[in-house]
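Down below is the structure, laid out as structure tokens.
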DNA sequence: ATCGGCTCGCGCAA
DNA sequence: TGCGCGAAGCCGAT
């Protein structure tokens, strides 16, 4: 093989068999890294196709029956698919887009595709229903089946250790990440790609599962989405478009004096638009972490030689980059990959019981404390609490599919305070976040939600009702610390009776 | 405005 | 074995 191969540490063998040289094609089942550039899974599939001298088929599907399927999620994924289709059209790769019309109709499709395949490659994503889907495919297919980790700068399964604190993970990264910064997936693997072309998919597949024509979406997104049995009450976010080019546009916007240059100082200010906003595209794999890393470290002159040699776990002076860059890299690498570490290695990552012992104990001790306010899931959903700042945060979530990082913490802390039990708080946070957030159903969402309940944190006195020694936050203090007046005004279209009179 | 205390557990120096 | 210190806080004292 001419190109540098995909690191073995990123490849997990689900079905260990030799490739079937009698197959008609190599199959890449694209489920998480939904992009045609800087994608180790695609590189791996191309490696196999080259080695075997076979065509490559990319099967990019979206199911209908999974939990929280909505116009919002469908639109974002479809917009990415349309772009992928254009990229593959100029290549010898056969791209097979498929949107499941009704839950269950896709049953058997992958198996049929795999019957003619030499080998199947897919994406190793550690969260939501994807791990179970891979496991299930592993029981059904009868062909070599590999999943590839293209999530982070570090392979997420390189260690067995689950890290309970960011500082420990940071220290681990400081020791181990060096070599992984020197390699990347192929930036444009389709460029000048030479592979045999497939004349067509087998008839039995084309007849039962015809490729989805996505042009209907381009003519009328709403009408197109209306044909799917998904949650139409969660509308698409029109100003955040799915797909790699929108992602790269946002990345270019962010890596600038006016955003990254102010990131360090103002990232906690909800009214200042200095956060990267990249998480939706990172979540759906429309954007590669390697592209982000290179853009950000290229903002000011920097090279890997500047990295400190001593692994102290400290945030300061690790990368040897500008403070703005250091601050962002700690989010992008330490915190992002910490979440992937948890999901990949802790099967109970979404279960209440996976919280640290001290947090479980203190929350349990206070579970019978009197609650001054209690709201139903419906009241939370509508942003109908007594607290205008909370309602605004919820309003932003429903309207834009995101909450400002800083207010997201307050949002969660108050849900803990205003529900009947910490388990119910967890359930409501997961429900609201996964339903409305474009970057929900992602390891980082679970980090944020579980942080509210003590994960990655430490006890803070004094012991209070409900919270115990879980870190406590109040809306009043938040409003004192950061400017929120315009934020509240901007997102208070909800139903709370108070906000109109307060501001 | 700034400071310490609240409280736990991990890595590392000793 | 002890020490320092940690994603973002809060509160009361100065």
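In our numbering, the protein residues as written are 709 to 1211. Here a beta-carbon is modelled for each residue, glycine too, at the ideal position from N, C-alpha and C.
{"query": "For residue 930, the three-state DSSP class (helix, strand or coil)", "result": "helix"}
{"query": "Segment contact, 8 Å Cβ cut-off, at least three pairs: the stretch 908 to 921 with the stretch 748 to 762", "result": "no"}
{"query": "Residue of 1104, 845, 794 and 885 minimising C-alpha distance to residue 831", "result": "845"}
{"query": "First through last residue of the beta strand (DSSP E) which encompasses residue 826", "result": "825 to 831"}
{"query": "C-alpha gap between residue 1002 and residue 1026, whole angstroms", "result": "17 Å"}
{"query": "Buried or exposed (CB count within 10 angstroms, at least 16 for buried), residue 798", "result": "exposed"}
{"query": "Neighbour-count burial assignment, residue 802, 16 or more Cβ in a 10 Å radius", "result": "buried"}
{"query": "At least 3 beta-carbon pairs within less than 8 Å: the stretch 1061 to 1077 vs the stretch 903 to 915", "result": "no"}
{"query": "Reference residue 860; option with closest CA among 850, 893, 1095 and 1119", "result": "893"}
{"query": "Local conformation of residue 1211 per DSSP, three classes", "result": "Because the pLDDT of residue 1211 is 29, which lies under 50, any placement of that residue in the model is unreliable, and the number read from its coordinates should be weighed accordingly. In the structure shown, residue 1211 sits in coil (DSSP, three-state: anything other than H, G, I, E or B)."}
{"query": "Residues that DSSP places opposite residue 971 in a beta bridge", "result": "Per DSSP, none; premise fails for residue 971."}
{"query": "6 Å CB neighbourhood of residue 750 in its chain, flanking five on each side removed", "result": "897"}
{"query": "Bridge partner(s) assigned by DSSP for residue 804", "result": "767"}
{"query": "Contact set for residue 741: own chain, Cβ-Cβ below 6 Å, skip 5 residues either direction", "result": "747, 749, 831, 858 and 993"}
{"query": "Three-state class that DSSP yields for residue 1081 in the structure shown", "result": "coil"}
{"query": "Coarse secondary structure for residue 1172, derived from DSSP in three states", "result": "strand"}
{"query": "Pairwise C-alpha distance: residue 1145 and residue 1035", "result": "24 Å"}
{"query": "Helix, strand or coil at residue 710 according to DSSP, with G and I counted as helix", "result": "Because residue 710 carries a pLDDT of 42, less than 50, the predicted location of this residue cannot be relied on, and no value is offered for it."}
{"query": "Inter-residue spacing [alpha-carbon to alpha-carbon] between residue 1019 and residue 1038", "result": "14 Å"}
{"query": "Coil, strand or helix - residue 1098 by DSSP", "result": "helix"}
{"query": "Rounded straight-line distance, which links the Cα of residue 1114 to that of residue 1122", "result": "13 Å"}
{"query": "Neighbourhood of residue 720 by C-beta distance below 6 Å, restricted to the same chain and skipping five residues each side", "result": "832 and 855"}
{"query": "Endpoints, alpha helix (DSSP H) assigned at residue 1114", "result": "1113 to 1125"}
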